[in-house]
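Q: Sending over a structure as structure tokens; questions will come in a sec.
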Amino acid sequence: MLEDFLNNKPLFYNEIDYTRMPRVWQRIKKYFKLPKIIHIIGTNGKGTSGRFLATALLREGYSTGHYTSPHILEFNERIWINGHNATNKQLDTTHQKLLELLSQEELNSLSYFEYTTLLAMLLYSEEKLEYVVLEAGLGGEHDATAVFENRLTLLTPVDFDHESFLGDTIEAIATTKVNAVQKATIVAKQKHKEVYDVIKRLSKSKDFLAYNVEKCVSSEDIVMLNTIASEEMLPDYLYENMMLALAALKYLGISYTKASFSKARLFGRLSRVTKNVILDVGHNKLAAEAIVDTLAGKKYVLVYNTYKDKAYKEILEILRPIVKRVEVITVEDVRIESKEKLMAVLKELDLEYVAFDNSIKSDEEYLVFGSFSVAESFLKVCNG
Numbered sequence: 029m030l031e032d033f034l035n036n037k038p039l040f041y042n043e044i045d046y047t048r049m050p051r052v053w054q055r056i057k058k059y060f061k062l063p064k065i066i067h068i069i070g071t072n073g074k075g076t077s078g079r080f081l082a083t084a085l086l087r088e089g090y091s092t093g094h095y096t097s098p099h100i101l102e103f104n105e106r107i108w109i110n111g112h113n114a115t116n117k118q119l120d121t122t123h124q125k126l127l128e129l130l131s132q133e134e135l136n137s138l139s140y141f142e143y144t145t146l147l148a149m150l151l152y153s154e155e156k157l158e159y160v161v162l163e164a165g166l167g168g169e170h171d172a173t174a175v176f177e178n179r180l181t182l183l184t185p186v187d188f189d190h191e192s193f194l195g196d197t198i199e200a201i202a203t204t205k206v207n208a209v210q211k212a213t214i215v216a217k218q219k220h221k222e223v224y225d226v227i228k229r230l231s232k233s234k235d236f237l238a239y240n241v242e243k244c245v246s247s248e249d250i251v252m253l254n255t256i257a258s259e260e261m262l263p264d265y266l267y268e269n270m271m272l273a274l275a276a277l278k279y280l281g282i283s284y285t286k287a288s289f290s291k292a293r294l295f296g297r298l299s300r301v302t303k304n305v306i307l308d309v310g311h312n313k314l315a316a317e318a319i320v321d322t323l324a325g326k327k328y329v330l331v332y333n334t335y336k337d338k339a340y341k342e343i344l345e346i347l348r349p350i351v352k353r354v355e356v357i358t359v360e361d362v363r364i365e366s367k368e369k370l371m372a373v374l375k376e377l378d379l380e381y382v383a384f385d386n387s388i389k390s391d392e393e394y395l396v397f398g399s400f401s402v403a404e405s406f407l408k409v410c411n412g
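First residue of the sequence shown: 29, per the numbering used here; consecutive thereafter.
This is the structure in structure tokens:
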């Protein structure tokens, strides 16, 4: 069973080997018939941009897959096929086929994300899809998703995150991400000038085409985007994600209508779980800034926890204007920061805090934020 197999796979290896995934792919790629691939890289907005695009492609008549990560409640969420998560039967059948393609040495060497990326691509190949929207994990040029030939790369906003893997400057982070571009990229609106500088430099040295998203859409497109955003009450950052997806359609020469993007947002991004609970899987400063911009003017009980490697003091400082108090939710994950260190920061920031007692008061507004693991823990409690 796939579930048992993945439970014994490490998410990452301490010893980095950037040649492993390309080497394995080169040996087994003859067994795959890949769809047309749109690769998505960046820091924030990959999932929502990808789901907007995948949904639009499907509604315009193309069989489409969307590979995204991580998941909230079940692994199947990562592998979307024609509007639905992959079934357990599809996953287990494809898992058995992949086991037959790989040597024991390769199986032992591949990380969780590397293996599941190959699993997804084999399933998409078996399903004979026309398009796959392929979301990078946390990297760019060395990401498992970068080994596959693609038609277009979408670059979402780049900011600080996963610095231990990607570098501790915007230039370094942008460089490793933009190095994944193969033929052409459409660039979302960026917060940091350094990102544009990196794109300009690398597009010349690597000979790829680069387009800013605002140059790819017309005034008529903007009217349509405004209409959809107004009807669905999309926050600004989801509007920007939808614009990037629309620009991709235009690059590919695919027409669209308002229905192409209607009700296409991915769950977990400012999603209203109940009438007084909003859930967001964001976990970095850029996500926190987007949330404050959207929710400004009200105070929320923040249900929160964080990984050790996140800039959580800065994130909490950003969120402070909309926080009534913090309720620290228990998350069973070795990567989670210790309660003592988190509470010390909350005290330093003069934020009232208590432990989350697994209950929601009907007369208060709640924001669940911090990571996919926080979202998972909260939803499991709420769903019983």
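Even for Gly, the Cβ is constructed at its ideal location relative to N, Cα and C.
Note down, in chain order, each residue of its chain lying with its Cβ closer than 7 angstroms to the Cβ of residue 114, except the 5 sequence neighbours on either side.
A: The answer, listed in chain order, is 104, 107 and 151.
Q: Per DSSP, what are the beta-bridge partners of residue 330 in this structure?
A: Paired residue(s): 354 and 395.
Q: What is the DSSP secondary structure of residue 184, reduced to helix, strand or coil?
A: It is coil, neither helix nor strand.
Q: Could you work out which residue in 283, 310, 375 and 269 is closest to residue 292 when comparing CA atoms only?
A: It is 269 whose Cα lies nearest to the Cα of residue 292.
Q: Below 8 angstroms on the Cβ atoms is my contact criterion, and I expect residue 218 with residue 186 to pass it. Report the Cβ-Cβ distance as a whole number of Å.
A: That pair is a contact at about 6 angstroms.
Q: Give the range of the alpha helix (DSSP H) segment to which residue 64 is assigned.
A: Per DSSP, residue 64 belongs to no alpha helix (DSSP H); it is in the beta strand (DSSP E), 64-69.
Q: List the residues that DSSP assigns as beta-bridge partners of residue 163.
A: Its beta-bridge partners are 68.
Q: Report the residue from 207, 198 and 404 whose alpha carbon sits nearest the alpha carbon of residue 221.
A: That would be 198, whose Cα lies nearest to the Cα of residue 221.
Q: My parser needs the alpha helix (DSSP H) runs of 4 or more residues fully inside the segment 256-325; what are they?
A: With a minimum length of 4 residues, the continuous alpha helix (DSSP H) runs that stay inside the segment 256-325 are 264-280, 286-289 and 313-323.
Q: Determine whether the beta carbon atoms of residue 172 and residue 142 lie at a separation below 8 angstroms.
A: Yes, the pair counts as a contact, with Cβ atoms nearer than the cut-off.
Q: Roughly how many angstroms separate the alpha carbons of residue 225 and residue 378, rounded to a whole number?
A: Looking at the two C-alpha atoms, the distance is approximately 39 angstroms.
Q: If we count the other Cβ atoms within 10 Å of its Cβ and call it buried at 16 or more, is residue 38 buried or exposed?
A: Under this definition residue 38 is an exposed residue.
Q: Can you tell me the Cα-Cα spacing of residue 401 and residue 361, whole angstroms?
A: Rounded to the nearest angstrom, the two C-alpha atoms are 8 angstroms apart.
Q: Going by DSSP in three states, residue 92 sits in which element: helix, strand or coil?
A: Correct three-state label for residue 92: strand.
Q: Report yes if the C-beta distance between residue 136 and residue 315 is below 8 angstroms; otherwise report no.
A: Not closer than 8 angstroms, so no.
Q: Below 8 angstroms, how does it come out for the segment 282-300 and the segment 383-390: are there three or more Cβ pairs, yes or no?
A: Taking 8 angstroms as the limit for Cβ pairs, the verdict is that the segment 383-390 does not touch the segment 282-300.
Q: Roughly how many angstroms separate the alpha carbons of residue 354 and residue 374, rounded to a whole number?
A: Going from the Cα of residue 354 to the Cα of residue 374 covers about 8 angstroms.
Q: Give the secondary structure of residue 379 by DSSP, where H, G and I count as helix, E and B as strand, and everything else as coil.
A: Looking at residue 379 - three-state DSSP - the assignment turns out to be coil, as it is neither helix nor strand.
Q: Nearest by alpha-carbon distance to residue 368: which of 333, 347 and 126 is it?
A: Minimum Cα distance to residue 368 is reached at 333.
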